[in-house]
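Undergrad: Structure in structure tokens, see below.
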Amino acid sequence: MKKIMLVFGTRPEAIKMCPLVNELKKRDCFDIKVCVTGQHKEMLQQVLEVFSIIPDFNLEIMKEKQTLFDVTTNILDGIRPVLEDCKPDIVLVHGDTTTTFATSLACFYLGIKIGHVEAGLRTSNIYSPFPEEYNRRAVSLVSSYNFAPTELSKNNLLKEGYSSASIYVVGNTAIDALKTTISPDYSHPILEWGEGSKLILITAHRRENLGIPMENMFKAIKRVLDEHKDVRAVYPIHMNPIVRDVATKIFGDDERMKMIEPLDVIDFHNFMKKSYLILTDSGGIQEEAPSLGKPVLVMRDMTERPEGIEAGTLKIVGTSEKKIYEEFSNLLLNKIEYNRMSHASNPYGDGFASKRIADILEKN
Ligand code: UD1
Ligand code: UDP
């Protein structure tokens with residue numbers, strides 16, 4: 008029986024790995040172990056509960072305002088005995104977090120095969136997003152199975168010289184999750200509060216945006232809120248205290264802005280579906296929004312998800328206050344542009360990515 012360990016540690020990895028855990032566990036040919044690093048704590052727990060997954064191992068590494076050094080070294084130290092005792096045949100990691108990088112490095116040191124889910128995303132700049140672009144490239148160096156979400160991500164890997172035999176285009180497991188979370192009957196008191204207004208959904212957390220860029224984002228949003236009385240905003244705020252300080256300073260107690268705790272993924276996906284538009288620097292939200300037909304203003308300078316730009320749903324608006332203010336205002340006033348961006352399209356597959364990955368692991 009093939010022993011497969013899935014390792015993840017943050018909210019977005021969990022959202023995209025849990026559907027795969029449950030698919031693999033259905034099959035008798037696998038012995039499945041789940042190890043969470045605990046890079047996130049509460050935000051990880053929320054996802055595990057939604058998918059009813061109890062990890063076999065939890066490294067519990069999170070601490071307040073952790074640095075990249077903290078996360079990397081604590082994972083390396085913590086995961087070594089787990090891997091040495093458990094001896095998995097294959098370890099599956101996801102995407103581009105420091106959990107992903109440190110786990111793949113540990114597997115490389117121990118000679119354990121790696122499968123990389125969501126492989127082949129690239130920007131042209133190793134510093135953006137930071138440190139994720141480095142992380143994902145480093146994992147590619149040592150991974151035996153590259154599960155690329157799209158042809159475009161496959162081509163990125165081929166261009167870097169990786170063997171086509173190691174690359175499988177499977178779609179994105181985010182769509183697998185979306186299929187199970189969206190419900191037409193969904194309701195929530197905050198959505199009732201937003202009825203009759205243009206309800207904007209906001210998230211922001213990127214490490215390279217902490218400080219001035221994040222202040223710029225929030226000032227731009229605040230200006231638009233002040234000028235457009237028909238707009239209300241919901242901001243499920245990341246638990247990073249550095250983010251929280253800036254948001255509290257700039258939004259204060261604006262009565263048309265609800266700053267709330269992170270939503271669980273069922274709530275969040277349904278909030279996306281019911282919102283008018285989304286402002287974010289998140290990666291995962293850029294993948295989910297095209298399927299839901301929700302315009303997204305991406306508060307970053309570049310994206311590794313050009314599929315969403317191609318689909319017309321995403322627009323990169325950078326991190327300057329002026330540009331975000333102008334693009335946000337324009338999208339509220341320009342109905343033609345709004346309608347153009349609101350068409351649902353799905354560049355990320357049919358929601359069977361987990362099944363495909365499991366089939367491949369069964370045969371290879
Ligand atoms: C991490 C990932 C990023 C991913 C993001 C998803 C890295 C370097 N960064 O960034 O790629 O996009 O997760 O959200 O891997 N915190 C809590 N409770 C939680 C989670 C976080 O209190 O459940 C606080 C802690 O103070 C922690 C801080 O947030 O120190 C930052 O967490 P960290 O994982 O280092 O960075 P993220 O910005 O979340
Ligand atoms: N998300 C969530 N609750 C929230 C905000 C986001 O469940 O309050 C989900 C969202 O749908 C997406 C993922 O979390 O699947 C994105 O996580 P995040 O933005 O933290 O990380 P990134 O995708 O940028 O790595």
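All residue numbers for the sequence shown refer to this note's numbering, where the first residue is 8 and numbers rise by one. Glycine is no exception: its CB is placed at the ideal position from the N, C-alpha and C atoms.
Ligand 1 and glutamine 293: does any heavy atom of the ligand fall closer than 7 Å to the residue's C-beta?
TA: no
Undergrad: Is aspartate 233 helix, strand or coil when you go by DSSP?
TA: helix
Undergrad: Taking the C-alpha atoms as reference points, what is the distance between serine 282 and glycine 118?
TA: 47 Å
Undergrad: Excluding the five sequence neighbours on either side, which residues of its own chain have a C-beta within less than 7 Å of the C-beta of glutamate 67, listed in chain order?
TA: Gly45
Undergrad: Is the CB-CB distance between isoleucine 182 and alanine 360 below 8 Å?
TA: Cβ atoms of isoleucine 182 and alanine 360: closer than 8 Å.
Undergrad: Serine 352: which of Asn337, Glu317 and Lys330 sits nearest, CA to CA?
TA: Residue Glu317 is the option with its Cα nearest to serine 352.
Undergrad: Between the Cα of serine 111 and those of Lys23, Arg144, Ser135 and Pro136, spot the shortest distance and give me the residue it belongs to.
TA: Arg144
Undergrad: Ignore the nearest five residues each way along the sequence and tell me which others in valine 146's own chain have a CB closer than 8 Å to its CB.
TA: Val100, Asp103, Thr107, Phe108, Ser111, Ile121, His123 and Ala126
Undergrad: Can you tell me the Cβ-Cβ gap for isoleucine 197 and valine 241, rounded? I've got them flagged as a contact below 8 Å.
TA: Valine 241 and isoleucine 197 do touch by the CB rule: their CB atoms are close to 6 Å apart, below 8 Å.
Undergrad: Identify every run of the beta strand (DSSP E) within the region 9-89, keeping only runs that are complete inside it and at least 3 residues long; order them along the chain.
TA: 9-15 and 37-43
Undergrad: Output yes or no for whether 8 Å exceeds the beta carbon distance between glycine 315 and asparagine 179.
TA: no
Undergrad: Going by DSSP, name the residue or residues bridged to proline 243.
TA: Ile267
Undergrad: Our contact map puts glycine 291 next to proline 19 with C-beta atoms below 8 Å; I'd like the distance itself, whole angstroms only.
TA: 4 Å
Undergrad: Hey, could you find the ends of the beta strand (DSSP E) isoleucine 323 is sitting in?
TA: 321-323
Undergrad: If you run the structure through DSSP and keep just helix, strand and coil, what is threonine 107?
TA: helix
Undergrad: Please specify which runs of the alpha helix (DSSP H), each continuous and at least 4 residues long, are wholly inside the region 283-349, giving them in chain order.
TA: 291-299, 313-317, 328-340 and 342-348
Undergrad: Taking 8 Å as the threshold, find out whether the region 57-66 comes into contact with the region 226-244 through three or more Cβ pairs.
TA: Fewer than three pairs of CB atoms, one per stretch, sit closer than 8 Å, so the region 57-66 makes no contact with the region 226-244.
Undergrad: With contact counted as at least three CB pairs below 8 Å, one residue from each stretch, are the region 292-301 and the region 330-343 in contact?
TA: Result no; under three Cβ-Cβ pairs closer than 8 Å.
Undergrad: CB of leucine 75 to nearest heavy atom of ligand 1: below 7 Å?
TA: yes
Undergrad: How close, in whole Å, do the beta carbons of methionine 348 and threonine 320 come, if the pair is a contact with beta carbons under 8 Å?
TA: 6 Å
Undergrad: Is valine 272 near methionine 221, with beta carbons less than 8 Å apart?
TA: no
Undergrad: Could you tell me if glycine 201 is buried or exposed, where buried requires 16 or more neighbouring beta carbons within 10 angstroms of its beta carbon?
TA: Buried, by the Cβ-count rule.
Undergrad: Can you name the start and end residues of the alpha helix (DSSP H) that alanine 155 belongs to?
TA: Run containing alanine 155: none in the alpha helix (DSSP H); it sits in the beta strand (DSSP E), 152-155.
Undergrad: Measuring from the CB of valine 176, is there a heavy atom of ligand 2 at a distance below 7 Å?
TA: no
Undergrad: What whole-angstrom Cβ distance do arginine 34 and glutamate 369 have, given they're in contact under 8 Å?
TA: The C-beta separation of arginine 34 from glutamate 369 comes to about 7 Å, placing the pair in contact by the 8 Å criterion.
Undergrad: Taking the continuous beta strand (DSSP E) assigned at leucine 99, which residues delimit it?
TA: 97-101
Undergrad: Is the beta carbon of tyrosine 175 sitting closer than 8 Å to the one on tyrosine 152?
TA: yes
Undergrad: Ignore the nearest five residues each way along the sequence and tell me which others in valine 41's own chain have a CB closer than 7 Å to its CB.
TA: Leu13, Val28, Ile60, Pro62 and Asp63
Undergrad: What do you reckon, is the C-beta of alanine 227 under 7 Å from a heavy atom of ligand 2?
TA: No, ligand 2 has no heavy atom inside 7 Å of this Cβ.
Undergrad: Going by CA-CA distance only, name the one from Asn163, Phe275, Ile257 and Thr157 that's closest to threonine 187.
TA: Phe275
Undergrad: Could you check what DSSP says for serine 165 in three-state terms: helix, strand or coil?
TA: For the sequence presented, residue 165 should be read as leucine rather than serine. Helix.
Undergrad: Under 7 Å from any heavy atom of ligand 2, does the C-beta of histidine 4 make it?
TA: Here the chain covers residues 8 to 371 and nothing more, so residue 4 does not appear.
Undergrad: Identify the continuous alpha helix (DSSP H) that holds valine 146 and give its terminal residues.
TA: 139-149
Undergrad: Please state whether DSSP places glycine 201 in a helix, a strand or coil.
TA: helix
Undergrad: Determine the closest residue to leucine 232 out of Lys265, Asp84, Ala211 and His212, with distance taken between C-alpha atoms.
TA: Lys265
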